[in-house]
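First comes the structure, then the notes that go with it.
Numbering (the numbering used here), first residue to last: 5 to 239.
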């Protein structure tokens with residue numbers, strides 16, 4: 005069994021990105037949590053692409069991918085929220101609430117691995133989407149565009165949003181999968197509209213607009229789910 009395939013090496017890049025991000029956040033560089041997540045997400049995308057291209061998909065690659073995701077998309081966002089809460093509520097136990105994120109991320113990843121319904125789409129929020137939101141919060145606080153940083157940088161918001169995202173990760177809500185079987189407008193109108201709105205938000209809010217994009221993603225997923233259910237009640 006080959007261990008050091010191109011795909012597995014890229015997956016290990018995801019692990020290293022997560023570890024570096026965790027270290028930098030603990031050192032007080034919270035924004036770097038977001039940057040290292042984005043780098044890890046690039047590795048996460050290309051490892052699957054490389055496995056298909058080189059025809060080296062394997063059980064060990066699948067397991068390694070989940071372990072890598074747990075580091076970058078599970079532990080790292082928990083550390084970011086923990087650190088933000090520790091700054092706001094020093095000397096209390098509340099900052100440890102951030103670690104419900106890796107706990108529920110582990111549940112989410114385990115569920116995904118054994119759920120045959122998720123081969124072509126997602127049921128429940130994928131861990132990368134949750135992580136992109138949570139790790140970008142320090143950027144929102146830093147830029148404070150439209151006063152959003154002041155709103156976000158409060159204990160009640162951080163704890164509440166962490167609980168909400170944890171529940172979304174293990175929910176039964178089908179989420180919009182950004183995979184295109186074809187590129188026709190008719191079959192992909194929701195995806196194209198989401199991309200248009202996402203690009204517009206990032207143009208206005210820049211990097212601190214990432215959380216807003218994730219919220220739009222959740223909204224679109226819910227709308228598409230209930231619209232599809234209304235058109236086909238048997239689903």
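Note that CB positions come from ideal geometry on N, CA and C, so glycine has one too.
Small disclaimer: the values here were computed from a predicted structure and weren't measured.
**Message:** I need the boundaries of the alpha helix (DSSP H) containing residue 102, first residue and last residue.
**Reply:** Per DSSP, residue 102 belongs to no alpha helix (DSSP H) and is neither H nor E.
**Asked** Got a sec? Which residues, its chain only, sit under 7 Å from residue 23 by beta carbon, not counting five neighbours each side?
**Response** 75
**Message:** For the alpha helix (DSSP H) containing residue 59, name the first residue and the last one.
**Reply:** Looking at the DSSP string, residue 59 is not in any alpha helix (DSSP H), and its letter there is neither H nor E.
**Item:** Beta-carbon proximity of residue 102 to residue 10, cut-off 9 Å
**Value:** no
**Asked** Are residue 112 and residue 173 touching if we call contact CB-CB under 9 Å?
**Response** yes
**Message:** Quick check on residue 142: buried or exposed, where buried means 16 or more other Cβ atoms within 10 Å of its Cβ?
**Reply:** buried
**Message:** Can you find the residues in the same chain that come closer than 8 Å, C-beta to C-beta, to residue 15, ignoring five residues on each side of it along the sequence?
**Reply:** 47, 48, 51, 65, 68, 69 and 72
**Item:** Cβ neighbour criterion (16 or more within 10 Å) applied to residue 29
**Value:** buried
**Message:** Please report the distance separating the alpha-carbon of residue 41 from that of residue 189.
**Reply:** 31 Å
**Asked** Rounded to whole angstroms, how far is the Cβ of residue 21 from the Cβ of residue 37, which I believe are closer than 8 Å?
**Response** At roughly 11 Å, the Cβ-Cβ gap does not stay under 8 Å, so residue 21 and residue 37 are not in contact.
**Per-residue DSSP class, three states only, for residue 129** = coil
**Segment contact, 8 Å Cβ cut-off, at least three pairs: the region 138 to 157 with the region 191 to 201** = no
**Asked** If we ignore side chains and look at the alpha-carbon of each, how far apart do residue 104 and residue 137 end up?
**Response** 15 Å
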